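Here the UniProt record's numbering is used: the first residue of the sequence shown is 1, the next is one more, and so on. Glycine included, every Cβ here is placed at the ideal spot set by N, Cα and C. Values in this document were obtained by computation on a predicted structure and should not be read as measured data.
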Amino acid sequence: MCKFLSSTSFPVHLLDDKNSRLVNPIIDAQGANRASGGYAAGLPGSTTTSTGGSQIADQTPNDYSRPVMVLPAQGVMNQDGKIAESANNGTGQNTLTNLRPGDADIAQRPVRTLVQDDSGRYWLQISTGKGITPSNLYDFIKRPDGNTRISTPNGNEDFSTHLGLSGGADVKYAGSIRFENNDGPNRGEIKSWKNNSGHYQPPATFSGNSGLSESLFNPR
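Right, here's the structure in full:
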């Protein structure tokens, strides 16, 4: 909103398309709100954390044609086409937190570790260390230590497979993988994978955390 007094003042923060979901403070250049990070009544601006968007650079009272500079927003996804430190439900440690901590973490199916051999073929490693060839649909989570836990979906839909795999803890990624059929020539290969976890809700821009091929990613 613009405010007209003895002279005209304009907002020094603008929203751009990339960070349009952020609510940036609108700063009155002649106001007394130092907490907003603007310049108020001749006082120096405070150094609060940027929320992103754009700002008119070096604005003077009689010049409104200054170029616009982009402000970085900490912890925001898809900044300049890159993955930021954390997602909306992130922990600030490049991990995702469970959005429904009150739900039970029950695994109704055998939990395996997903491994890939030198040929690129995937296996489900069991407790004895032996490998089983996966086939069809599995849910998976990638733990902060880099290990990927995987199982077929729970029989009871009231129990989240992802929580059963994670124990409710933070994860680097969560989704589902569809493998090629065991009867075909491409057994042990991934056909496609998704970011479809209701409890962790990883954004599509977070897909690099999965450790899986980006070319096979099918975002929900």
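Can you tell me whether T128 is buried or exposed, with buried defined as 16 or more other CB within 10 angstroms of its CB? Taking the sequence shown and counting its residues from 1, one reaches residue 128 at position 128. T128 should be labelled exposed.
Cα-Cα separation, R112 to P219: The residue labelled residue 112 in the question sits at position 112 within the sequence shown. The residue labelled residue 219 in the question sits at position 219 within the sequence shown. When rounded, the distance between both Cα atoms is 24 angstroms.
Please work out which residues of its chain come closer than 6 angstroms, Cβ to Cβ, to R109, disregarding the five sequence neighbours upstream and downstream, and give them in chain order. Residue 109 sits at position 109 when you count from the first residue of the sequence shown. Contacts found: S151 and T152.
How many Å lie between T97 and Y200 at the Cα? Counted from its first residue, the sequence shown places residue 97 at position 97. Counted from its first residue, the sequence shown places residue 200 at position 200. Distance between the alpha carbons of T97 and Y200: 6 angstroms.
Sort out for me which residues DSSP pairs A174 with in a bridge. Taking the first residue of the sequence shown as 1, we reach residue 174 at position 174. A174 is bridged to I141.
Would N195 pass as a contact of P202 if the rule is Cβ separation under 7 angstroms? Taking the first residue of the sequence shown as position 1, residue 195 is located at position 195. Taking the first residue of the sequence shown as position 1, residue 202 is located at position 202. In this structure, P202 lies closer than 7 angstroms to N195 by Cβ.
For the segment 179-188 and the segment 155-162, state whether three or more C-beta atom pairs, one from each stretch, are separated by less than 8 angstroms. no
Give every residue of the same chain whose Cβ lies closer than 6 angstroms to the Cβ of E189, excluding the five residues on either side of it in the sequence, and list them in chain order. Start at 1 with the first residue of the sequence shown, and residue 189 comes out as number 189. Cβ neighbours of E189 beyond the five flanking positions: E180.
Closest residue to A174 among F217, P134, N136 and T133 (Cα-Cα distance): Residue numbering aside, residue 174 sits at position 174 when the sequence shown is read from its first letter. Taking only the C-alpha atoms, the option nearest A174 is F217.
Endpoints, alpha helix (DSSP H) assigned at T152: Within the sequence shown, residue 152 is the residue found at index 152, counting from 1. From DSSP, T152 is part of no alpha helix (DSSP H); its letter is neither H nor E.
Can you list, in chain order, the residues of its chain with a C-beta nearer than 7 angstroms to that of S207? Leave out the 5 residues immediately preceding and following it. Translated into positions along the sequence shown, residue 207 becomes position 207. Same-chain partners within the cutoff: N195, E214 and F217.
Round the Cβ separation of S160 and D103 to the nearest angstrom and send it over; I've been treating them as touching at under 8 angstroms. Locating residue 160 in the sequence shown gives position 160, where the first residue counts as 1. Locating residue 103 in the sequence shown gives position 103, where the first residue counts as 1. Contact holds; Cβ gap of about 6 angstroms.
State the DSSP-derived secondary structure class of T133, mapped to helix, strand or coil. Indexing the sequence shown from 1 puts residue 133 at position 133. Reduced to three states, the DSSP call for T133 is coil.
Quick check on DSSP: helix, strand or coil for F217? For the purposes of this step, residue 217 is taken as the residue at position 217 of the sequence shown. Strand at F217.
Nearest to D105 by CA position, among S192, R187 and L165, is which residue? By 1-based counting over the sequence shown, the position of residue 105 is 105. Among S192, R187 and L165, the Cα nearest to that of D105 belongs to L165.
I need the DSSP call for Q74, collapsed to helix, strand or coil. Against the sequence shown, residue 74 aligns to sequence position 74. Confidence at Q74 is low in this model, with a pLDDT of 44, below 50, so the placement of that residue is unreliable and no value is reported for it.
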